[in-house]
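Residue numbers (this note's numbering), protein chains in the order written: chain A, 2 to 112; chain B, 24 to 142.
For each residue, glycine too, the CB sits at the ideal point set by N, CA and C.
Since the structure comes first, as structure tokens, the remarks are kept for the end.
This is the structure:
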């Protein structure tokens, strides 16, 4: 099935560093969601974005809805060990309202 | 805080056996989704219900998979017979609604999943 491109695929960072990841699509979306998934658990919603250009924060997390409506970005500031996990984006198609998920970015934080 | 409940959390079965997974969505959520997530990939939609009706099962392998939501509340996903390639995490999600209208009502909340291993 179709999946969105996420990059980077994985990253190893030192505790305290900032992290940036993005998600791109060839289609226009009307909603972007960002989830975090821990091993063996279901995805947990982090941030929801509804308008092009929108910038939304949730604690140390900040996400942006790209101007072209074909991409989204997630930043994590001052990373901590519990930020470890897989981050997924999900875009909602403006035509079908179906959500398509990204391939995931695996984050590891070194203390 | 309201959650999507799934059971069992883990299931080990032999190929050709039948397995069933159960999901109870957040109270009041009209839309229920079943996803399959293969290790290292994002979730992929299998079937979507609006109340008790199936609105999308285009990616459901109907020769062996079936899903129902008889009273429009909880749902069951069944695989019969299970194959080795069915080993994956099966996730259930729910949303207040689906489609046009307030987009916030379309946000999906996930359960903890059922990890299936077919031997």
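Query                                                                                                                 : Result
The stretch 27-48 of chain A: positions lying closer than 7 Å to chain B by Cβ                                        : 31, 32, 34, 41, 42, 43, 44 and 46
Segment contact, 8 Å Cβ cut-off, at least three pairs: the stretch 5-13 of chain A with the stretch 57-70 of chain A  : no
At least three beta-carbon pairs within less than 8 Å, the stretch 110-125 of chain B to the stretch 52-62 of chain B : yes
Under 7 Å by beta carbon: chain B residues contacting residue 104/A                                                   : 64 and 65
Interface flag, residue 44/B vs chain A, CB-CB below 8 Å                                                              : no
Where the beta strand (DSSP E) containing residue 127/A begins and where it ends                                      : Any question about residue 127/A goes unanswered here, given that chain A covers just 2 to 112.
Contact with chain A by residue 131/B, beta-carbon distance below 8 Å                                                 : yes
Interface flag, residue 89/A vs chain D, CB-CB below 8 Å                                                              : Annotation note: the requested chain D is absent from the structure, which comprises protein chains A and B.
Nearest to residue 121/B (by Cα), restricted to the options 107/B, 71/B and 101/B                                     : 71/B
Pick from 101/A, 58/A and 111/A that is closest to residue 29/A, judged by C-alpha positions                          : 101/A
Where residue 65/A meets chain B, residues with beta-carbon distance less than 8 Å                                    : By Cβ distance, chain B contributes nothing, its closest Cβ being about 17 Å from residue 65/A, past 8 Å.
Residue 74/A beta carbon less than 8 Å from that of residue 23/A                                                      : yes
Endpoints, the beta strand (DSSP E) within which residue 27/B is located                                              : Element bounds for residue 27/B: n/a, residue is neither H nor E.
Per-residue DSSP class, three states only, for residue 105/B                                                          : coil
Stretch pair the stretch 123-131 of chain B + the stretch 79-97 of chain B: three plus CB contacts closer than 8 Å    : no
As assigned by DSSP and simplified to three states, the class of residue 53/A                                         : coil
Opposing strand residues paired with residue 64/A [DSSP bridges]                                                      : 57/A and 75/A
Paired residues, beta bridge with residue 100/B - DSSP                                                                : 44/B and 90/B
Neighbour flag for residue 71/A against chain B, beta carbons, 8 Å                                                    : no
Below-8 Å beta-carbon distance, residue 15/A vs any chain B residue                                                   : no
Beta-carbon neighbours of residue 135/B, restricted to chain A and to distances below 7 Å                             : 42 and 43
Rounded straight-line distance, which links the Cα of residue 142/B to that of residue 132/B                          : 30 Å
Contact set for residue 96/A: own chain, Cβ-Cβ below 7 Å, skip 5 residues either direction                            : none
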